[in-house]
Each structure stands twice: as C-alpha cells, then as structure tokens.
Ligand SMILES: [Fe+2]
C-alpha cells in the first residue's frame, strides 16, 4: 500500500512542527515505514512567509539526505495557509512572490480555516473565491475539522468542490477523534466525507515526535477496508501523483 502524504510540518525550525534536523529525519523514517512514498512539507504559512530562505535551504538539504537514505521516497514543497477574510490580499501577494510555496510549485494551495475565527460558510466562500480569482486552486486541509463552520457538511463540501476546490483528510481522523472536539465529531465527519467520495487527498499533519507523530498506516488500512480498494488507491496515492506531482515543475 503506497501513500502520498500531502500535509506535514516535518521541515524543522519554521513553525510548531519539527524542532531540528534529527527530528525531521526521524519523522520521515516513521512515515516511510508506514508506506509513505511522497511527503509534502506544508509548514504553516505564517512561519514560512518570513523564513522562506531557510525553508528552501532546508528543503534542498533534507531532500539530498533523503535521496540517499530512501531512493524511492520523494519530497515536495508547500505550505498550509490560513484563510481569513482579512488576510486574503496578503496571502495572494505572497503566493505570487513565492514567499508562500504552493504544492510542488503548481497552482494548488493547501489552505485551512480556524473554526473559532471563521464566520460560517460565508467567510469560507469569500476566501475560496479570492484564491480562485487569484489563479489558484484551493486544497482544503483536514475537512473533518470544521463541524463548527459547516451548516450542512456534505452539501457544503459538494458546493466547494463544484467551485473547483480539492479536499484532504488527516489519516488519523479516519480512526481516532483527536483534538478538542468531543463526541467523535472529526472521526464521524472524516468517514462521512469518504463514504460520499468527497475526499481527494490524505495527509498525516505530522508535527513533532511528541505531538501528532506520523500516523499513516492505521487510517490508510481503514480506508481500504471500508471504502474499497479502488477509491482507497485514488485517495491515498493516485490523485496526488496525477494532480499535484504530474503537474509540478
Ligand atoms: Fe497542518
């Protein structure tokens, strides 16, 4: 079972993800051993934007090391941009200047919403429209996390996909309900979206060894078991390979 992990904070020293090179290499090893063969370093845009030189330098040097350690593992650039109504001009400007890296230098941008700050689907629509009008294709990060924002989750995501958005779930959410939301909300939503085939990509959202360490395999196995091998293969690997890697430069 091959997996492409399109969401991780494994590049060290730019956000609340990996703290140093040794930790980055350990996290990469853990992800690789669970079947991951492509990893996007999507550190938080807020950290990357002012440290793009360090980000690029570390990306190059880690890629060289990983190339020797695991010849069949590829690394890709990216970042995770917070979409807020008030920030969209700043976001577009920095995507254009390259201070916020897109996914593998495509027009695809991993973007998240902060539930407590986002004023319902109206604000989501505003931000998504701004990205699309700016010439970008939003990939909405961990769509299972926005139960506070949705008014009708399946319908809301269907509408966003009709606009041209793509979607990602965190693999651990398929099996566990982490985070502040109680009652299994994230696990339920992740599985609802998968059941309706509304998920395009997966990620581990790996941060550090002590916080969100790589959990790829357990979720991937559940997707195969519950939603069938064909769909699982597309979500776990093929979509990312075709859409994000095939179109990269
Ligand atoms: Fe993230």
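Numbering (the working numbering), first residue to last: -12 to 236. Heads up, the beta-carbon is just placed ideally off N, CA and C, and yes, glycines get one too.
Under a criterion of Cβ closer than 5 angstroms to any non-hydrogen atom of ligand 1, which residues qualify, in chain order?
Here the list is 67 and 192.
Is residue 64 buried or exposed, if buried means 16 or more other CB atoms sit within 10 Å of its CB?
Taking the chain shown and counting its residues from 1, the one referred to as residue 64 is at position 77. With 16 or more other Cβ atoms within 10 Å, it is buried.
Nearest neighbour of residue 189, chosen from 97, 116, 140 and 112 [CA to CA]:
Residue 189 sits at position 202 when you count from the first residue of the chain shown. Measuring from the Cα of residue 189, the nearest candidate turns out to be 97.
I believe residue 14 touches residue 154 by the beta-carbon criterion, under 8 angstroms. Please report the beta-carbon distance rounded to the nearest angstrom.
As a working note, residue 14 is residue 27 in the chain shown. As a working note, residue 154 is residue 167 in the chain shown. Residue 14 to residue 154, Cβ: 24 angstroms. No contact.
DSSP three-state label for residue 132, please.
As a position in the chain shown, residue 132 is number 145, starting the count at 1. DSSP, reduced to helix, strand and coil, places residue 132 within a helical segment of the structure shown.
Let me know the beta strand (DSSP E) ranges lying completely inside the stretch 157 to 234, each 3 residues or longer, listed in chain order.
Here the runs fully enclosed are 188 to 190.
When DSSP labels each residue in this structure, what does residue 71 get in the three-state scheme?
Reading the chain shown from its first residue, position 84 is the one you call residue 71. For residue 71, the three-state secondary structure derived from DSSP is coil.
Looking at C-beta atoms only, is the number of pairs between the stretch 20 to 27 and the stretch 45 to 62 that lie closer than 8 angstroms three or more?
With three or more CB-CB distances shorter than 8 angstroms, the stretch 20 to 27 counts as touching the stretch 45 to 62.
Whose CA, out of 40, 93 and 136, lies closest to the CA of residue 176?
Taking the chain shown and counting its residues from 1, the one referred to as residue 176 is at position 189. For residue 176, the closest alpha carbon among the candidates 40, 93 and 136 is that of 136.
Kindly provide the ranges of any alpha helix (DSSP H) runs that are 4 or more residues long and lie completely inside the stretch 72 to 131, ordered along the chain.
Counting whole runs of 4 or more residues, the stretch 72 to 131 contains the alpha helix (DSSP H) stretches 75 to 84 and 107 to 120.
Beta-carbon within less than 6 angstroms of residue 79's beta-carbon, same chain only, minus the 5 sequence neighbours each way: which residues are those?
Locating residue 79 in the chain shown gives position 92, counting from the first residue. Short of 6 angstroms from the beta carbon of residue 79, and not among the five residues preceding or following it, lie these beta carbons of its own chain, in chain order: 121.
On the three-pair Cβ rule with 8 angstroms, is the stretch 213 to 225 touching the stretch 128 to 147?
No: the two stretches stay apart, fewer than three of their Cβ pairs being nearer than 8 angstroms.
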